[in-house]
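Residue numbers 1 to 147, in the working numbering, belong to the letters of the sequence shown in order. Beta carbons are placed, not taken as given, at the ideal position from N, Cα and C, and that holds for glycine.
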Amino acid sequence: MGQDSEWQPRLLGFLCRWCSYAGADLAGTSRKKYPASIRVIRVPCSGRVDPLFILKALRLGFDGVLVSGCHPGDCHYQTGNYFTRRRMAIIKRFLEYMGIDPGRLQASWVSASEGGKFAEVVTEMTQEIRELGPNRLFTDEERDNGT
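Below is the structure:
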């Protein structure tokens, strides 16, 4: 088996503290099985995820980024998830312009009571990123800089 066959995608998840983070917590306490390769950052609202955070995550070598918030209409801050939905469409177009597969960025809506759905989202995203392969966007640049 080659090195790539053992490769596991590294995901970074920005999760809304009111819904998705609680859903992730429920998935863990319910012992739902999902890949352990996701790292989670709790944010006040999915609408607060700056596009630069996403680019920085990819720059740091994460293979995919998940932005997850409350279901549309259920945002603790009223319109944060609508803002997220519009922003994700724009960021995906920007990623494509940069030569990054837009599938490396995904948005999902997971409520606090949907631990099973959170596990499904992470499992499906991991499989999709595995098919895309490792994020090699900045590897040549890092080699040139000696880092």
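Give every residue of the same chain whose Cβ lies closer than 6 Å to the Cβ of residue i, excluding the five residues on either side of it in the sequence, and list them in chain order.
i	result
T123	Y34
T126	P9 and P35
E114	G23
R39	L12
Specify, as a first and last residue, the run of the beta strand (DSSP E) that residue i falls within.
i	result
V43	I38 to V43
Q106	L105 to W109
Could you give the first and the last residue of the continuous alpha helix (DSSP H) run that contains residue i?
i	result
F94	G80 to M98
G13	That residue, G13, is in no alpha helix (DSSP H); its beta strand (DSSP E) goes L11 to C16.
K56	P51 to R59
K117	G115 to L132
Y21	S20 to T29
According to DSSP, what are the bridge partners of residue i?
i	result
S68	L15 and S108
Taking the alpha carbon of residue i as the reference point, which residue from the options has its own alpha carbon closest?
i	options	result
R31	G116, N135 and L58	G116
Y21	S108, E128, L137 and Y82	S108
E120	C19, L15 and A27	A27
T79	R48, E131 and A57	R48
C19	F118, E131 and S111	S111
H76	S46, K56 and P134	S46
I100	L132, T29 and F53	L132
R104	D50, T29 and R130	R130
S68	P134, F118, T29 and I91	F118
I90	D25, S37 and I54	I54
Starting from the C-beta of residue i, find all residues in its chain whose C-beta is less than 7 Å away, skip the five residues before and the five after it, and write them out in chain order.
i	result
R17	R42, V43 and P44
F138	R59
Y82	P72
If I measure Cβ to Cβ from residue i and keep anything under 8 Å in the same chain, skipping five residues before and after, which residues do I get?
i	result
R136	none
Requested in this report: Examine the Cβ distances between the segment 10-20 and the segment 87-98 and report whether three or more of them are shorter than 8 Å.
Outcome: Using a Cβ-Cβ distance cut-off of 8 Å, the segment 10-20 and the segment 87-98 are not in contact, since fewer than three pairs of beta carbons, one from each stretch, lie closer than that value.
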